[in-house]
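In this note's numbering, the protein residues as written are 1 to 328.
All residues carry an ideal CB built from backbone N, CA and C; glycine is no exception.
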Amino acid sequence: MEASLARLPVEVVRVPRPAAPDRPGPRGGRHAAAGGAPRAAASAGCVSGRHLGRKEHASRTDPAMKHSAWGLALLARRRRIRRVLRRAGPEAPVTLREQAQQLASDQAALRMGSGGLESVVPEDERKQLEKKADTLEPFRKGVILAACLLLFGALQDGFWLLVTPGLTAQGWLNVIRSEDSQSSSLALILGLTAVGAGLLYTGLVLLAPAPLPSLESVLQEEESRQEAEKNRQLRSLEGRWYYGLNLGQSYRIFQSERGWRFEEELQGRKCTAELRIVGGWVKGQLLDQHGKEVGLIRLRRSAGKSVVSNLRPVGEADWGNPNEAIGW
Numbered sequence: 001m002e003a004s005l006a007r008l009p010v011e012v013v014r015v016p017r018p019a020a021p022d023r024p025g026p027r028g029g030r031h032a033a034a035g036g037a038p039r040a041a042a043s044a045g046c047v048s049g050r051h052l053g054r055k056e057h058a059s060r061t062d063p064a065m066k067h068s069a070w071g072l073a074l075l076a077r078r079r080r081i082r083r084v085l086r087r088a089g090p091e092a093p094v095t096l097r098e099q100a101q102q103l104a105s106d107q108a109a110l111r112m113g114s115g116g117l118e119s120v121v122p123e124d125e126r127k128q129l130e131k132k133a134d135t136l137e138p139f140r141k142g143v144i145l146a147a148c149l150l151l152f153g154a155l156q157d158g159f160w161l162l163v164t165p166g167l168t169a170q171g172w173l174n175v176i177r178s179e180d181s182q183s184s185s186l187a188l189i190l191g192l193t194a195v196g197a198g199l200l201y202t203g204l205v206l207l208a209p210a211p212l213p214s215l216e217s218v219l220q221e222e223e224s225r226q227e228a229e230k231n232r233q234l235r236s237l238e239g240r241w242y243y244g245l246n247l248g249q250s251y252r253i254f255q256s257e258r259g260w261r262f263e264e265e266l267q268g269r270k271c272t273a274e275l276r277i278v279g280g281w282v283k284g285q286l287l288d289q290h291g292k293e294v295g296l297i298r299l300r301r302s303a304g305k306s307v308v309s310n311l312r313p314v315g316e317a318d319w320g321n322p323n324e325a326i327g328w
């Protein structure tokens with residue numbers, strides 16, 4: 001790009017000085033300004049130069065290009081090429097934490113909420129999502145309806161229990177209740193009120209629709225799931241595995257305070273490696289007892305109770321032959 005910009009032409013602009021006013025000649029005539037101006041401008045004119053941009057250079061070198069369809073198409077193509085060059089380059093893998101940080105940065109730039117879905121999803125769409133997620137809505141409505149009916153019955157019985165003695169005393173009603181009848185009515189009212197209140201609490205609180213999950217909770221759940229999957233993959237390799245002629249060689253995979261480790265004796269050297277998960281393999285850099293690099297090893301659990309491994313010694317680009325070890 002820099003080389004192509006360096007090869008761009010330089011426009012040289014000659015700025016002539018203003019022509020001197022006509023003055024009388026030695027013989028009473030006048031010197032024509034047109035006759036003396038080119039020579040004066042050529043001798044006393046100042047020169048200025050600058051690098052032109054691609055678009056400006058195209059329009060400067062060919063003035064008709066600026067207003068022609070071909071020129072506009074060429075300029076548009078050059079702009080697309082520049083955009084592609086700016087975007088070119090290897091893209092590094094983006095982790096889940098980096099995605100969360102980018103989303104948090106975008107929310108801060110857009111002045112959004114605290115990170116829940118309610119802050120990034122529009123109100124109408126959020127209500128639709130809540131409605132689709134609310135699978136207990138019919139049952140909850142039935143519970144609330146039953147609670148309302150029971151409370152209405154308790155309220156009605158309580159009203160008549162309180163009003164009946166007064167209306168009877170005034171002669172409006174001729175109802176005489178015994179103490180047992182009043183006690184049973186009071187017990188019925190209390191029972192209906194208790195059951196109705198319990199059903200109403202169940203429908204409004206216990207069966208309430210769950211709120212939309214927040215971004216942080218989703219990320220924590222995903223990270224927990226990934227950590228559980230990694231632990232499962234590493235624990236499947238735990239133990240001592242035997243291979244070779246008559247199963248005379250072996251290596252051990254165990255969990256220490258520093259993490260999961262690989263341990264094997266190769267050609268009289270005790271080699272260890274700290275294991276980590278890379279894709280579908282568990283890899284580790286082998287070091288001997290003196291801290292010298294031996295190579296890179298990768299392991300993976302295969303079908304049955306066996307482990308497949310490959311060793312890539314230091315200085316080599318290809319993995320060695322697969323080695324299958326069994327354990328019991």
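Going by C-alpha to C-alpha distance, which of the options sits closest to residue i?
i    : options                   : result
C148 : V195, R177 and L219       : V195
W241 : K141, G295, A317 and N323 : N323
K305 : E274, R258, A273 and Y243 : Y243
I329 : F152, D288, W319 and L247 : Outside the displayed span of the chain (1 to 328) sits residue 329, for which this structure offers no information.
F152 : D124, I189 and V205       : I189
Q249 : E264, S256, E257 and Q255 : E264
A154 : V143, G191 and E229       : G191
G280 : L266, R298, C271 and Q267 : R298
V282 : G268, R312, R300 and R126 : R300
R269 : L287, F262 and W160       : L287
W328 : G284, R252 and L311       : R252
I144 : F262, G203 and Q128       : G203
L129 : T168, Q285, P209 and F262 : P209
G291 : T272, D318 and R312       : T272
L199 : G171, E227, Q267 and L150 : L150
Q230 : V278, P211 and E257       : Note that residue 230 corresponds to Lys in the displayed sequence, not to Gln. Among V278, P211 and E257, the Cα nearest to that of K230 belongs to V278.
G127 : W172, P211 and Q255       : The question names Gly, but residue 127 in the sequence shown is Lys. The shortest C-alpha separation from K127 is found at P211.
G284 : A303, F254 and R261       : R261
May I ask you to list the residues that DSSP assigns as paired with residue i?
i    : result
Y242 : S250 and I326
C271 : E264
N231 : Answer is none; N231 lacks a bridge partner.
I277 : V282
E293 : L287
G196 : Answer by DSSP bridge pairing: none, since G196 is not bridged.
P313 : G295
R300 : V308
G259 : S256
Since residue i contacts residue j with CB under 8 Å, what's their CB separation in whole angstroms?
i    : j    : result
E274 : G259 : 6 Å
L207 : R140 : 4 Å
D331 : S184 : The structure shown has nothing for residue 331, since the chain only spans 1 to 328.
P308 : E293 : The amino acid at residue 308 is misidentified as Pro; the sequence shows Val. Actually they do not touch by this definition, with Cβ atoms about 23 Å apart.
Taking 8 Å as the CB-CB cut-off, is residue i touching chain D?
i    : result
V218 : Here there is only one protein chain, and chain D is not present.
Where in the segment 152 to 185 do unbroken runs of the alpha helix (DSSP H), each at least 4 residues long, occur, reported from the N-terminal end onward? Counting only runs of 4 or more residues that sit fully inside the segment 152 to 185, no alpha helix (DSSP H) segment turns up.
Touching or not, the segment 177 to 184 and the segment 220 to 239, by the rule of three or more beta carbon pairs under 8 Å? No, the segment 177 to 184 is not in contact with the segment 220 to 239.
Decide yes or no for the touch test of the segment 149 to 166 against the segment 216 to 233: beta carbon pairs closer than 8 Å, at least 3 of them. As far as the Cβ criterion goes, the segment 149 to 166 does not touch the segment 216 to 233, which means the pair count is below three.
Pairing CB atoms from the segment 135 to 144 with CB atoms from the segment 180 to 190, are three or more of them under 8 Å? No contact exists between the segment 135 to 144 and the segment 180 to 190.
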